[in-house]
Structures are given as structure tokens and as C-alpha cells.
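Every letter in the sequence shown is one number past the one before it in the working numbering, and letter 404, counting from 1, is 620.
Where a beta carbon is used, it is the ideal one built from N, C-alpha and C, also for glycine.
See below for the structure under consideration.
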Amino acid sequence: MKQVLSLWIGWRFYMARQSNRFISFISFASTAGIALGVAVLIIALSAMNGFERELEQRLLGVVPHGELTGVNEPIHQWQNIAQDASLIDGIVAAAPFVRISGLIQKPGGFQGLSVVGIQPDLEAKVSSIAQFMPKQSWQALAQGDKNNIVLGKGLADSLGLAIGDTLSLYTPSMGATKAQRIGAAKSHRFIVAGIFEIGGEMDLGTAYVPMDYAADILGLGDGVSGVRIKVDDVFAAPRLIRDLGYSQQQYMYLSDWTRTQGHLYQDIQLVRAVMYLVLALVIAVACFNIVSTLVMAVRDKQSEIAILLTMGMAKATVMGIFVVQGALNGILGCLIGGTLGVLVALNLSSIASSIEQMLSVQLLSADVYFIDFLPSQLVLQDVALVISLALCMSLLSTIYPAWKASRVHPAMALAGR
């Protein structure tokens with residue numbers, strides 16, 4: 217009964233706040249602040265979740281989880297490494313590759329290009345690159361004796377190339393000494409057999425060719441540059457690659473995605489933590505406005521409080537009245553902010569695209585980021601956590617004003633009326 221009475225009177229006090237315009241304004245400011253903080257925090261966390269998803273599915277789907285590369289000489293028995301990898305729990309697959317580093321000419325100078333020779337049937341087990349190119353382009357890489365090359369869309373656009381055009385790759389002369397290589401280079405001609413589109417920097421500096429043709433260019437025979445490894449848990453990649461590498465007799469360079477792309481994941485986590493802290497402080501500031509609202513409401517309602525106390529109302533019930541009044545601000549702010557944040561988060565990518573088209577700007581540049589669009593992934597646990605945080609902070613902010621209301625002396629309050 218006491219709880220129902222606190223709810224009813226608290227609701228009446230909350231609806232009657234319009235009688236004091238100043239209190240009404242501060243109450244509106246606190247509700248708006250909570251709503252804004254909740255909405256922006258949900259949107260920001262959804263964007264961070266989207267970046268993590270794209271990092272795992274798009275970038276880490278194409279970038280190998282780990283690589284074992286021969287030191288000063290090719291790997292001739294890569295099948296043995298694949299066999300050893302299959303015996304390690306956590307490693308999913310292994311595939312050989314041949315890497316050629318060279319220069320291509322473009323308007324205004326030269327550009328470095330990493331050309332990777334692959335066997336499509338084995339590469340499909342460690343990489344999802346086939347999902348980002350037409351089926352015909354993927355099949356062109358299976359023709360080991362052909363000088364086919366598949367370029368990223370960003371690189372093809374910058375060079376003005378289309379399928380069927382030719383491309384010259386300049387590599388150091390393998391027969392020359394180190395001093396002679398400075399001025400000596402060998403040209404290799406490729407036919408553009410396809411174009412893949414991942415988005416971001418991956419489209420600009422990587423190309424794929426048949427592995428046998430790449431091995432012939434480098435004179436490797438049946439050898440390969442290294443072996444790519446895929447693991448089931450990307451965060452276990454450093455340990456698994458190290459275990460596999462230490463079991464080999466040949467000296468090899470060991471590399472995993474945390475060395476090449478780990479900074480992206482760390483940056484996302486850092487931005488998430490900083491953003492969460494900043495926006496939580498925004499919600500806290502809005503909750504401080506609840507304190508101000510309730511303190512002034514207590515001063516404005518001292519006569520009513522005194523009457524209720526003289527009628528025998530318990531102090532705990534009086535406290536409950538103002539807890540309810542302050543909690544209503546927090547609940548309304550969370551409802552508005554949560555609804556707005558969820559709606560924007562679900563449509564964040566399309567909203568960002570519309571802004572880019574309307575203002576003729578690019579929010580994410582492919583030259584800087586690994587993607588060129590703003591991703592979003594709404595996670596219900598994040599929504600629940602943000603709303604719970606805001607509600608808890610708003611409830612905590614009501615304790616002191618409610619306690620002050622219960623300490624009102626009826627005689628003094630009525631005498632001052």
C-alpha cells in the first residue's frame with residue numbers, strides 16, 4: 217500500500233511540475249540529456265561492433281591468420297608443413313603461396329604492388345577472397361600456366377584498367393647482384409582476368425596470379441614462398457603459429473594477423489573504451505540535473521510534505537515519492553534515447569551514405585581505413601547495458617534529494633508557509 221501511495225503521489229508531483237517553469241525546464245534538460253547520452257552511446261557502440269565485424273569477416277577473412285615464410289630460400293616441402301598443421305588442435309587449414317613484390321607504372325610515377333600466387337582450391341580453405349570476385353575471375357587463377365592477374369577495384373580504377381587489358385610488373389633482376397639490382401629490373405606482362413572488390417586499402421596494394429606462373433617468374437621450381445594458415449580462434453593465432461613454426465627444421469619467418477593488422481583491433485577497442493567513458497559522463501551530467509530538479513521540487517513542495525508528515529505518512533514513503541519523481545525522468549529519457557538510438561543504429565550505414573551523397577564528402581577514405589563505408593551492428597546486450605547504466609545513475613541521483621524531503625520539519629515548514 218505504501219509503495220502504491222508513493223507511486224501515485226510521485227506521479228502527481230511529476231505532472232504538476234509545470235506550475236514552476238524553471239523546475240520544468242531543468243527537468244526537461246535532464247530528460248533530454250539522458251536521452252541524448254543513451255542514444256549516442258547505443259549508436260557509437262553499434263558502430264564499434266560494425267567495425268569489429270568487418271575486421272573479422274572482411275579483412276581477417278582475406279588476410280591470413282598466420283604465415284610461415286622461408287628465410288633466404290623457398291620452402292620445397294610445404295606439404296609437410298600442411299601435414300604438421302593438421303595435427304595441431306585449433307588450426308583449420310593450410311595453403312601454399314608465392315609472393316612477388318614489384319612496381320607498376322601509373323600516371324605520375326610508380327606504385328608498389330604485392331602479387332600473391334595462389335592455388336584456388338587450397339586458398340579457398342584459408343581465405344574468403346573468392347567471395348569478393350566473380351566466379352570467372354576465380355577460375356582464371358586456376359590456370360597455372362597463364363599470365364592472368366586479378367586486381368583490386370581501387371587499383372584498377374586508379375590505373376584505368378579493365379578486364380582484358382595488360383599490365384606490366386617490374387621486379388628486380390634475380391640473376392643480378394645486390395649492387396646491380398638497383399639499376400636493373402625485369403618486366404613481366406600480365407593480362408587482367410578479373411577484378412575483386414573488398415573495399416578499403418586491400419583493393420589498392422594486392423593482386424592475385426596463378427601460383428605456378430608466379431613460381432616460374434621467381435625460378436622456385438616446386439618451391440613456394442611460404443604457407444598460409446587459418447585458425448578457428450583468431451586470438452589464438454600467435455600461439456598456434458609459434459607452435460607450428462617451432463616444430464619445423466627449416467628456418468622460417470613467423471607472422472600472424474596481430475602483427476600486420478592487430479593495431480586496427482586495438483584502435484577499435486581504445487575508441488570504444490574512451491567513447492563509453494565520455495558518453496557515460498554525459499549521462500552522469502544529465503543525472504546531476506535530476507538532483508537539482510528534485511532539490512528545488514523539495515523546496516517548492518515543503519508545505520505539502522509537511523502536511524503529509526503530520527497526517528502520519530512514514531518518512532520512507534516520502535522518500536519514495538521523490539525517488540519516483542526523479543526515476544520518471546530517467547525512465548522517460550531512457551525510453552526516448554533507447555528508441556532513437558536503436559532506430560539510428562539499424563540504419564546507420566544508409567544514413568551515412570545519404571550524408572555523403574548530400575554533402576559530396578567521404579566519411580571514411582579507402583586510403584586511410586580498411587573499409588570505405590560506416591558499418592553498424594546492433595547488439596541487444598549493449599542496449600540493455602546502456603539503459604541499465606542510465607537507469608541506475610538516475611536512481612542514485614534521487615537518493616539525496618529524497619532523503620532531504622524526509623527530513624523536513626512539519627512545524628517549521630508550515631510556519632514558514
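Nearest residue (CA-CA) to residue i, options the options
| i | options | result |
| --- | --- | --- |
| A427 | N563, V331, F589 and T614 | Reading off the sequence shown, one finds Met at residue 427, where the question assumed Ala. Considering only alpha carbons, the answer is V331. |
| P312 | V440, G415, S576 and S343 | V440 |
| F241 | S508, L607 and L551 | S508 |
| S403 | F412, F348, E413 and S384 | S384 |
| N296 | V254, V314 and G461 | G461 |
| T533 | K620, A301 and N363 | K620 |
| L556 | L456, F267 and A255 | A255 |
| F412 | L377, S566 and G266 | L377 |
| M418 | D361, N363 and L367 | L367 |
| I414 | D448, S566 and M349 | M349 |
| L551 | Q573, L575, S565 and L607 | L607 |
| S374 | P336, G360, K322 and D337 | K322 |
| G306 | A431, E268 and V447 | V447 |
7 Å CB neighbourhood of residue i in its chain, flanking five on each side removed
| i | result |
| --- | --- |
| T247 | N545, L548 and G549 |
| L594 | S262, V558, A561 and L562 |
| T614 | I506, L510, F538, V539, G542 and A543 |
| P454 | D472 and T474 |
| Q352 | G410 |
| A496 | L605 |
| Y481 | L271 |
| D459 | I304 |
| Y616 | V507 |
| D438 | H292 |
| M468 | L284, T285, G286, V287 and G461 |
Within 9 Å, strictly: CB atoms of residue i and residue j
| i | j | result |
| --- | --- | --- |
| M535 | A618 | yes |
| G249 | A502 | yes |
| V408 | I433 | no |
| G421 | L371 | yes |
| V342 | V308 | yes |
| E270 | R444 | no |
| Q466 | I291 | yes |
| S317 | G328 | yes |
| I499 | A423 | no |
| L436 | Y386 | no |
| D598 | I334 | no |
| G553 | A260 | no |
| F589 | S569 | yes |
| R315 | G478 | no |
| S592 | G266 | yes |
| K362 | Y429 | yes |
Opening and closing residue of the alpha helix (DSSP H) in which residue i lies
| i | result |
| --- | --- |
| L434 | M427 to L434 |
| I307 | Per DSSP, I307 belongs to no alpha helix (DSSP H); it is in the beta strand (DSSP E), I307 to K322. |
| L590 | Counting along the chain, L590 falls outside any alpha helix (DSSP H), and DSSP gives it neither H nor E. |
| S569 | L564 to L575 |
Cβ neighbours of residue i in the same chain (closer than 8 Å, five flanking residues each side left out)
| i | result |
| --- | --- |
| T382 | R405, F406, I407 and V408 |
| I398 | For I398, the pLDDT reaches just 47, beneath the cut-off of 50, and the residue's location in the model is therefore unreliable, leaving the point undetermined. |
| L612 | C503 |
| V450 | E272, L276, H281 and W473 |
| M650 | Because residue 650 is not part of the residues shown, which for the chain are 217 to 633, the question remains open. |
| F326 | L319, I320 and Y386 |
| Q635 | No answer is possible for residue 635: it lies beyond the span of the chain, which begins at 217 and ends at 633. |
Residue i: first and last residue of the uninterrupted beta strand (DSSP E) it sits in
| i | result |
| --- | --- |
| I445 | G442 to V447 |
| L596 | Per DSSP, L596 belongs to no beta strand (DSSP E); it is in the alpha helix (DSSP H), L596 to L612. |
| Q327 | G325 to I334 |
| Y462 | First-last for Y462: A453 to Y462, but that is the alpha helix (DSSP H), not the beta strand (DSSP E). |
| I470 | The sequence given here has Leu at residue 470, not Ile. Its beta strand (DSSP E) spans residues M468 to D472. |
Chain-order list of residues whose beta-carbon lies under 6 Å from that of residue i (same chain, five-residue window excluded)
| i | result |
| --- | --- |
| Q396 | Summary for Q396: the model assigns pLDDT 49, below 50, so the residue's position carries little reliability, and this model does not support an answer. |
| A346 | A340 and W354 |
| V577 | none |
| A298 | A310 |
| M217 | For M217, the predicted model reports a pLDDT of 48, less than 50, meaning its position is unreliable; a value from the coordinates is still stated below. The answer is none, since no qualifying residue turns up. |
| A431 | V314 |
Any non-hydrogen atom of the ligand FMN closer than 8 Å to residue i Cβ
| i | result |
| --- | --- |
| P454 | Among the components modelled here there is no ligand, and therefore nothing to report on the ligand FMN. |
Any chain B beta carbon closer than 9 Å to residue i
| i | result |
| --- | --- |
| L284 | In summary, chain B is missing from the structure at hand, where a single protein chain is found. |
Whole alpha helix (DSSP H) runs in the segment 336-420 with 4 or more residues, listed along the chain?
-> 336-342, 351-356, 369-375 and 394-397
Contained beta strand (DSSP E) runs [length at least 3] in the segment 254-310, N- to C-terminal order = 282-286
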